[in-house]
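Note that our numbering has the sequence shown beginning at 54, numbered continuously upward.
Note that CB positions come from ideal geometry on N, CA and C, so glycine has one too.
Right, one structure below, let's go through it.
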Amino acid sequence: MRIDEFLDDFDNLAEAHQAYLNELRAVAGQGGFMMGVTARFAEWAQSELFRYSHVFANSGRPKDFCPEWCPDAFVFLGEAGHRFYIRRKNGSTAIVLDFDLLCRLVLFVFFVGLDDESDIVGQALAAFLLASVVVPRTEPFPCLEQLIESCGQINPDITNGLFTKVARFILLHELGHSYYERHGSEFLHVAFELPPNTVPKPDVVRSIRYHPDGPVYNQVDLAGSANGLLIIPPDFRNWEAEFAADVFAAYASLYTSVGTKPGPAQLDHLTESLICWQLVLFAIGNRQDYMRAISNDTQQIFSHPPASARVDVLLHHLNFIAEEFDPTWRSVTISIFKGHYNSLWSKELLKLVGEVIEYVRYAFDEEGPHINPGRIVTFIKGMDVQAKPSALTKFGKYFLEPFLQQSELIGWREAGQQNSNEYIDYIKTFRLNGRPIILELAERLHGIGVRFT
Ligand SMILES: [Zn+2]
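Okay, here's the thing in structure tokens:
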């Protein structure tokens with residue numbers, strides 16, 4: 054279902070949304086797993102929005118937020134050109150979410166966190182999913198629908214929980230854009246230059262570094278808070294809306310997970326969500342960096358990616374959130390999150406992702422024995438894989454499809470264990486300059502240590 058048609062055809066977004074839901078329900082009523090999932094999810098997302106409005110109107114709001122704000126917004130989930138965005142029309146907001154991209158992100162997070170050392174299929178899927186998000190291509194991700202179904206069978210609680218966490222972040226982030234456009238960013242405790250009349254002395258302008266490989270920021274005192282004002286490099290000024298939308302999402306998620314004033318349990322819950330959110334920001338952020346690199350300049354693309362600054366800004370605001378709601382809050386979840394953060398945003402992983410981008414751009418579609426010789430080691434022994442349009446297509450057609458058939462019969466875990474060594478040999482055939490690049494990324498992503506239990 055193409056969303057832009059509904060947005061173009063109606064002047065009134067409420068009517069557009071009603072027409073969209075009617076058609077979605079009608080199509081879902083004709084059967085089909087994916088349309089059913091989309092319909093359920095679209096209704097859930099809209100009811101979440103109503104709930105957020107209700108909480109903001111009745112149960113209070115964080116202190117720096119505008120009391121007049123009322124989210125007059127409608128969620129459209131479907132085909133949206135692989136993007137998440139908002140569109141304003143006659144005073145209301147359409148939050149437009151591409152369902153395919155949402156599914157890829159949820160699957161990516163799921164497979165990164167799959168708690169099985171020997172599951173090379175899941176790990177390879179995480180690598181391919183990340184590559185498919187970072188380098189946008191027209192080809193569909195193979196077996197997306199069956200993969201969603203399989204995840205639901207491997208662990209229904211985790212799958213549902215991840216859908217909720219990832220979708221909530223994206224929803225609230227987009228809602229944050231609409232808030233920011235109307236009410237600005239008073240709640241954002243960052244600046245892009247030192248405040249005027251700041252004395253440049255070390256006890257006034259302190260250095261702070263969140264990530265060992267990340268930039269050194271400045272910080273100055275902020276009146277009325279034990280936490281300081283974070284000074285971000287001026288180049289990041291045009292990212293202010295993104296920073297604001299992320300921080301909005303953090304506050305809003307805290308408030309809307311309970312009807313009352315948040316406490317330590319909600320702070321823990323927020324931190325758990327951040328574990329997923331930073332994986333999403335990593336995938337989306339690398340894609341944005343890549344798109345910027347091919348569209349304009351290529352300077353220092355992977356040295357200080359803005360996406361890591363987005364997580365730094367979130368971390369910075371976690372201090373304010375703790376100060377506002379529970380100054381004594383200490384959490385093991387924070388240490389777990391920090392462990393993932395250190396691993397995820399390290400220079401060496403960003404370099405590897407850069408090499409994977411190179412692989413997808415230059416070698417994915419090549420034919421010939423020097424790249425992806427891809428012998429079918431498992432299913433049709435001894436036969437070469439045909440050089441099909443892309444490495445991903447080959448992976449889907451000659452590996453994933455038969456694997457999923459097998460897994461339907463005997464279970465995912467069993468299917469994976471049965472031939473794991475042969476699978477590893479197969480994944481190794483996706484190579485860049487002789488290096489098994491997909492396997493390297495797969496193992497590295499697993500090594501971040503995200504585990505959902
Ligand atoms: Zn945004």
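Extent of the continuous alpha helix (DSSP H) run through residue i
| i | result |
| --- | --- |
| Asp-210 | 209 to 236 |
| Gln-272 | Unbroken run through Gln-272 is the beta strand (DSSP E), 270 to 273; no alpha helix (DSSP H). |
| Val-187 | 173 to 187 |
| Ile-463 | 454 to 463 |
| His-499 | 490 to 499 |
| Val-165 | 152 to 165 |
| His-264 | Taken as a continuous stretch (DSSP letters only), His-264 belongs to no alpha helix (DSSP H), as it is neither H nor E. |
| Thr-386 | 385 to 397 |
| Ala-416 | Looking at the DSSP string, Ala-416 is not in any alpha helix (DSSP H), and its letter there is neither H nor E. |
| Ser-473 | 473 to 480 |
| Tyr-293 | Rather than Tyr, the amino acid found at residue 293 in this sequence is Glu. Per DSSP, Glu-293 belongs to the alpha helix (DSSP H) from 293 to 309. |
Which of helix, strand or coil DSSP assigns to residue i
| i | result |
| --- | --- |
| Thr-146 | strand |
| Ile-285 | coil |
| Phe-63 | coil |
| Glu-121 | coil |
| Glu-376 | helix |
| Val-243 | strand |
| Phe-137 | strand |
| Leu-485 | strand |
| Arg-114 | coil |
| Lys-434 | With a pLDDT of only 45 at Lys-434, under 50, the local geometry of the prediction cannot be trusted, and the value read off the model is given with reservation. DSSP places Lys-434 in coil when its eight states are reduced to three. |
| Arg-93 | helix |
| Arg-504 | coil |
| Asp-256 | coil |
| Arg-190 | coil |
| Asp-57 | helix |
Burial state of residue i (16 or more Cβ within 10 Å)
| i | result |
| --- | --- |
| Phe-240 | buried |
| Val-257 | exposed |
| Asn-339 | buried |
| Val-269 | exposed |
| Thr-191 | exposed |
| Ala-252 | Checking the sequence shown, residue 252 turns out to be Val, not Ala. Exposed: under 16 other Cβ atoms inside 10 Å. |
| Ala-98 | buried |
| Thr-4 | No answer is possible for residue 4: it lies beyond the span of the chain, which begins at 54 and ends at 506. |
| Ala-360 | buried |
| Lys-218 | buried |
| Ile-328 | buried |
| Gly-166 | buried |
| Asp-342 | buried |
| Pro-249 | exposed |
| Gln-319 | buried |
| Ala-39 | Limits of the chain in this structure are 54 at one end and 506 at the other, which puts residue 39 out of reach. |
| Arg-363 | buried |
| Glu-227 | buried |
| Tyr-415 | exposed |
| Gly-469 | buried |
| Pro-265 | exposed |
| Pro-189 | exposed |
| Asp-151 | buried |
| Pro-195 | buried |
| Gln-83 | exposed |
Contact set for residue i: own chain, Cβ-Cβ below 7 Å, skip 5 residues either direction
| i | result |
| --- | --- |
| Ser-473 | Ser-171, Ile-173 |
| Ala-336 | Leu-158, Phe-161, Leu-183, Val-186, Val-187 |
| Ile-56 | Phe-129, Gly-131, Glu-132, Ala-133, Val-149 |
| Glu-76 | Met-54 |
| Thr-386 | Asp-321, Thr-324, Glu-325 |
Close beta carbons around residue i, own chain, < 6 Å, minus the five adjacent residues each side
| i | result |
| --- | --- |
| Cys-204 | Phe-163, Thr-212 |
| Val-108 | Tyr-308, Thr-309 |
| Ala-375 | Trp-382 |
| Ile-261 | Tyr-270, Gln-272 |
Own chain, CB closer than 8 Å to residue i, minus 5 neighbours either side, in chain order
| i | result |
| --- | --- |
| Arg-140 | Leu-60, Thr-146, Ala-147, Val-149 |
| Gly-229 | Ala-297, Ala-298, Asp-299, Val-300, Phe-301, Ala-302, Ala-305 |
| Phe-373 | His-242, Ser-278, Asn-280 |
| Gly-500 | Ser-396 |
| Pro-120 | Arg-114 |
Residue range of the beta strand (DSSP E) that includes residue i
| i | result |
| --- | --- |
| Phe-448 | Per DSSP, Phe-448 belongs to no beta strand (DSSP E) and is neither H nor E. |
| Leu-130 | 126 to 131 |
| Ile-261 | 259 to 261 |
Test: residue i CB closer than 7 Å to a CB of chain D
| i | result |
| --- | --- |
| Val-243 | Any reference to chain D falls outside this structure, which holds one protein chain only. |
**Report entry** Inter-stretch contact (C-beta, 8 Å, three-pair minimum) for the region 270 to 280 and the region 202 to 212
**Finding:** no
Report task. For the region 154 to 166 and the region 458 to 471, state whether three or more C-beta atom pairs, one from each stretch, are separated by less than 8 Å. Result -> no
Report task. Please determine if the region 228 to 243 and the region 294 to 305 are in contact, where contact requires at least 3 C-beta pairs separated by less than 8 Å. Result -> yes
Report task. Evaluate the contact criterion for the region 482 to 497 versus the region 403 to 418: three or more CB pairs, one atom per stretch, below 8 Å. Result -> yes
Query raised in the report: Quick one: any contact between the region 219 to 227 and the region 97 to 111, if contact means 3 or more CB pairs under 8 Å?
Result: yes
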